[in-house]
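One structure is given here, and the rest of the page talks about it.
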Amino acid sequence: MKGMSTIVKTIANISFPIITIYGLYIIAHGHLTPGGGFQGGAIVASGLALIAVAHGSSWIESKIKEHDLSLFESLGALAFIGLAFFGIIFGGVFFSNFLVDTSMLFGNIPVGGAADINTGGTLPLMNFAVGLKVIVGLFAIVLVMALATHKKEDSS
Amino acid sequence: MNRRNMLAAAFLTIVSVFLLLGMLLIHPFGSPTSQAMDQYIIDNTVEETGANNGVTSVVFDYRGFDTLGEATVLFTAVASVVMLFRRLKK
């Protein structure tokens, strides 16, 4: 798939950082506001798909290989399951929220419903893991499909 | 009407009766049968998980297994799509 015109490329380049920041905000504030890893990951992946459509899949392929995307997706899944297993070690049960009510990262408890980013225990970390997994997973699907059709058109 | 069609008609009747019975016997909308667990989560989610967003605390803490299954579904989907289209690429 070849890239589109300069107008489309410019507009995609302008809107891509905004979409990415919005998606990362949705992921990072998953324990405070509606949203979370799945939703924010889908937003960031749609921004990456916009870039892939505007610039063409061969331009994307020169920047990043889908092999690396698979690596990062597996890393996200391993982080998610690893956090769940840390619950067994530190909290006694699978998926135990062992970080809550400690002085460690994300350990605070909100008083009176106050919005504090440093709350939630393992929930923000799990949101980050799932977000990473969804971003690279959905983008890998888009990229692999685009590359497959691209090579097929060339050979025929 | 041959034997196959009659069998299909009988099967369709049985399935329709079961579905209609389920539709008629369902409890009224908006009044769940048991509210004990809902009320427990509403009361204790802030103290137990430290999250303001109760939905996230249910998804990632109280019902973490559900999310684990969801993540596995996504992982399987991505793996199968990559496996399928990598052969097309060559």
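These protein sequence lines map, in sequence, to chains W and C.
For what it's worth, the working numbering labels the leading residue of the first sequence as 4, then goes sequentially.
For what it's worth, the working numbering labels the leading residue of the second sequence as -8, then goes sequentially.
The beta carbon of each residue, even a glycine, is placed where N, CA and C say it ideally should be.
Distance, residue j Cα to residue i Cα
i	j	result
Phe19(W)	Ile29(W)	15 Å
Lys136(W)	Leu74(W)	10 Å
Phe88(W)	Asp52(C)	13 Å
Thr4(C)	Lys68(W)	54 Å
Val46(C)	Tyr31(C)	14 Å
Leu86(C)	Thr40(C)	No statement about residue 86(C) is possible, as the shown extent of chain C runs from -8 to 81 and does not include it.
Ser8(W)	His58(W)	9 Å
Gly6(W)	Val56(W)	7 Å
Leu(-2)(C)	Met(-8)(C)	10 Å
Ile10(W)	Asp29(C)	52 Å
Val50(C)	Ala1(C)	42 Å
Phe98(W)	Asp57(C)	11 Å
Ile46(W)	Ala42(C)	22 Å
Phe41(W)	Val103(W)	22 Å
Cross-chain neighbours of residue i in chain C, by beta carbon under 7 Å
i	result
Thr23(W)	Those do not exist, as Thr23(W) stays about 20 Å from chain C at its closest Cβ, beyond 7 Å.
Bridge partner(s) assigned by DSSP for residue i
i	result
Thr122(W)	Asn111(W)
Neighbouring residues, chain C, relative to residue i (Cβ below 8 Å)
i	result
Val147(W)	Val72, Val73, Phe76, Arg77 and Lys80
Residue i: contacting residues in chain C (beta-carbon distance under 9 Å)
i	result
Ala45(W)	Within chain C, no residue comes near Ala45(W); the closest Cβ sits about 10 Å away, beyond 9 Å.
With 16 other Cβ atoms within 10 Å as the buried cut-off, status of residue i
i	result
Ser60(W)	buried
Ser48(C)	buried
Phe76(C)	buried
Asn35(C)	exposed
Leu126(W)	buried
Interface partners of residue i on chain W, CB under 7 Å
i	result
Val69(C)	Glu76, Gly140, Ala143 and Ile144
Chain W contact residues for residue i, given Cβ-Cβ distances below 9 Å
i	result
Phe2(C)	Those within 9 Å of Phe2(C) in chain W number zero; the least Cβ separation is about 38 Å.
* In chain order, what residues of the stretch 35 to 57 of chain C put their CB closer than 8 Å to some CB of chain W? -> Val37, Glu38, Glu39, Thr40, Gly41, Ala42, Asn43, Asn44, Val46, Thr47, Ser48, Val50, Phe51, Asp52, Gly55 and Phe56
* **Contact residues within the stretch 82 to 110 of chain W, judged by C-beta distance below 8 Å to chain C** => Phe83, Ile84, Ala87, Phe97, Phe98, Asn100, Val103, Asp104, Phe109 and Gly110
* Identify each residue in the stretch 24 to 37 of chain W for which the Cβ-Cβ distance to at least one residue of chain C is less than 9 Å, and report them in chain order. => His32, Gly33, His34, Leu35, Thr36 and Pro37
* **chain C contacts from the stretch 116 to 127 of chain W (Cβ-Cβ distance under 7 Å)** => Gly116, Ala118, Thr122, Gly123, Gly124 and Leu126
* To do: Would you list, in chain order, the members of the stretch 63 to 82 of chain W that have their beta-carbon closer than 7 Å to a beta-carbon of chain C?
  => Glu69, Ser73, Glu76 and Ala80
* Asked: Looking at chain W, which residues of the stretch 6 to 29 of chain C have a Cβ within less than 8 Å of any of its Cβ atoms?
  -> none
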